[in-house]
Amino acid sequence: MSVFPIYRPRRLRASENLRRLVRETSLSVDDLIYPMFVVHGDDTAIEISSMPGCYQYSIDRLVKAAKELASLGIPGTILFGIPETKDALGSEAYAEDGIIQQAVRAIKDAVSDLLVITDVCLCEYTDHGHCGIIEGGDVQNDPTLDLLVKESVSHARAGADVIAPSDMMDGRVGAIRDALDEEGYENIPIMAYSAKYASAFYGPFREAAESAPQFGDRRSYQMDPANAEEALREVALDIEEGADIVMVKPALSYLDVIHQVKTEFQMPVAAYNVSGEYAMIKAAAQNEWIDEKRVALEVLTSIKRAGADMILTYFAKSVVEWLEI
Ligand code: PBG
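Heads up: the sequence shown at position 124 corresponds to 123 in numbering that gives the first Met the number 0, and the numbers run straight through without jumps.
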């Protein structure tokens, strides 16, 4: 490569049109998935205090919100349910008339061009707030698989387009794939939360989904934030078991992991720009310490640059507005 003064990198930065031509990464509406929370009740939208602009919607309001997403051209939503009652086995997670099952049916009836992805986990539905069956103070892996399978199949029956297991039990992708195939849902893709870290960035989500663990933490099943090689092993396992899309979560503190997963596996990679990442930007922007639009677009672009094909983000609707201006 020629050197200064022959090569002057600033030449190509001189105007916006030049910058547009040499820009390597672009963020578009095509990349976005908007997460939503659904509760029982009517005509309800409760704003989540640590996530300004995000709500717990009753089903009627959720359908309205889903229509808005479709009209903005956002390809998909991922749904999280807050049940009426919780118990040790998270029964409402796999009940035919559970909150998610009802919500999926309602959206599918009313909105035709929006992908409905369902998060498969038990922590929102269990009274102890953990992602599986508890025995001896810890989550039991293999018995939990049966419940996750039931939950996935019930989501598929309700009409879910994509199943997204977020529990981090070993072997769940294979178990869910087998069951979906057996029930005739061989064409429903699995978006696996493959490298999901035990992160402090989920704090606001746990308020939104009312899913904070009642004792202990999730470190015996979610990954240690210090590990990247282990993430590659987790992703490899999920792909072998039948994952169609692999996810890294959170996104911003794990850009290196996103990059390695993309380079190593050449699979569709999703990244979850989680609640804490959203809340930090919102809070700083409300204090006028940072420019919300510029910071959010910079963060989301960096997640794409790292290698993500799609981003689950609470900024999705704002991004569409920002990109149109
Ligand atoms: C369920 C689940 C969580 C998130 C997505 N699915 C919470 C957790 O694992 O504690 C977090 C999403 C976010 O923080 O935005 N297990």
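Just so it is clear, CB atoms sit at the ideal spot from N, CA and C, and this is done for glycine as well.
>> DSSP three-state label for Met167, please.
In response: Residue numbering aside, residue 167 sits at position 168 when the sequence shown is read from its first letter. Note: Met167 maps to coil in three-state DSSP.
>> Closer than 7 Å to a non-hydrogen atom of the ligand PBG - does that hold for the CB of Gly275?
In response: In the sequence shown, residue 275 corresponds to position 276, counting from 1. Checking the Cβ of Gly275 against the ligand PBG gives yes.
> Is the distance from the Cβ of Met266 to the Cβ of Val294 below 8 Å?
Replying inline: Numbered from 1 along the sequence shown, position 267 holds the residue referred to as residue 266. Numbered from 1 along the sequence shown, position 295 holds the residue referred to as residue 294. No, these two residues do not count as a Cβ contact at 8 Å.
> Can the beta-carbon of Ile81 be found closer than 8 Å to that of Val148?
Replying inline: By 1-based counting over the sequence shown, the position of residue 81 is 82. By 1-based counting over the sequence shown, the position of residue 148 is 149. Against a cut-off of 8 Å, the Cβ pair of Val148 and Ile81 comes out as no contact.
> Any idea what DSSP makes of Ile32, helix, strand or coil?
Replying inline: Within the sequence shown, the letter at position 33 stands for residue 32. Correct three-state label for Ile32: strand.
> What three-state label does DSSP hand Ile77 in the structure shown?
Replying inline: As a working note, residue 77 is residue 78 in the sequence shown. If DSSP states are grouped into helix, strand and coil, Ile77 belongs with the strands.
> Should Phe36 be listed as close to the ligand PBG, given that the test is whether its C-beta is under 7 Å from any heavy atom?
Replying inline: The residue labelled residue 36 in the question sits at position 37 within the sequence shown. Outside the cutoff, so no.
> Which runs of the alpha helix (DSSP H) fall wholly inside the stretch 78-164 and span at least 4 residues, in chain order?
Replying inline: The DSSP assignment places complete alpha helix (DSSP H) segments of no fewer than 4 residues inside the stretch 78-164 at 98-109, 140-157, in order along the chain.
> Would Thr76 be called buried (16 or more neighbouring beta carbons within 10 Å of its own) or exposed?
Replying inline: Mapped onto the sequence shown, residue 76 falls at position 77. Counting of Cβ neighbours within 10 angstroms places Thr76 among the buried residues, the total reaching 16 or more.
>> When you measure from the CB of Arg104 to every non-hydrogen atom of the ligand PBG, does any distance come out below 7 Å?
In response: Translated into positions along the sequence shown, residue 104 becomes position 105. Incorrect: Arg104 has no Cβ contact closer than 7 Å to the ligand PBG.
> Given Pro188, which residues of its chain have a CB within under 6 Å of its CB, disregarding the five upstream and five downstream residues?
Replying inline: By one-based count along the sequence shown, residue 188 stands at place 189. So the list reads Val161, Asp243, once near-sequence residues are dropped.
>> Assuming Ile45 is part of the beta strand (DSSP E), what are its boundary residues?
In response: The residue you call residue 45 lines up with position 46 of the sequence shown. Run containing Ile45: 44-46, per the beta strand (DSSP E) assignment.
>> Please classify Ile106 as buried or exposed, where buried requires at least 16 other C-beta atoms within 10 Å of its C-beta.
In response: Here the question's residue 106 lines up with position 107 in the sequence shown. Burial state of Ile106 is buried, judged by a 10 Å Cβ sphere holding 16 or more other Cβ atoms.
>> Bridge partners for Met190 per DSSP, in chain order?
In response: Residue mapping note: residue 190 aligns to position 191 of the sequence shown, counting from 1. Note: Met190 sits in a beta bridge opposite Ile244.
>> Give me, in chain order, the residues of the same chain whose beta-carbon lies closer than 7 Å to that of Tyr95; leave out the 5 immediate sequence neighbours on both sides.
In response: Translated into the one-based positions of the sequence shown, residue 95 becomes position 96. The sequence as given places Glu at residue 95; Tyr does not occur at that position. The residues are Ser153.
>> Any heavy atom of the ligand PBG closer than 7 Å to the beta-carbon of Ser90?
In response: Here residue 90 corresponds to residue number 91 of the sequence shown, with the count starting at 1. Not under cutoff, so the answer is no.
> To which residues does DSSP link Val37 through a beta bridge?
Replying inline: In the sequence shown, the residue the question calls residue 37 occupies position 38. Secondary-structure assignment with DSSP links Val37 through a beta bridge to Tyr56, Gly80.
> For Gly173, which residues from the same chain have a beta carbon less than 7 Å from its beta carbon, with the 5 sequence-adjacent residues on both sides left out?
Replying inline: Counting from one through the sequence shown, the residue named residue 173 turns up at place 174. The residues are Glu240, Gly241.
> Going by the CB atoms, is the gap between Gly89 and Leu61 shorter than 8 Å?
Replying inline: The count along the sequence shown starts at 1 and reaches residue 61 at position 62. The count along the sequence shown starts at 1 and reaches residue 89 at position 90. No, Cβ-Cβ distance for Leu61 and Gly89 is not below 8 Å.
> Would you call Gly52 buried or exposed, if buried means 16 or more other Cβ atoms sit within 10 Å of its Cβ?
Replying inline: Here residue 52 refers to the residue found at position 53 when the sequence shown is read from its first residue. Gly52 comes out exposed.
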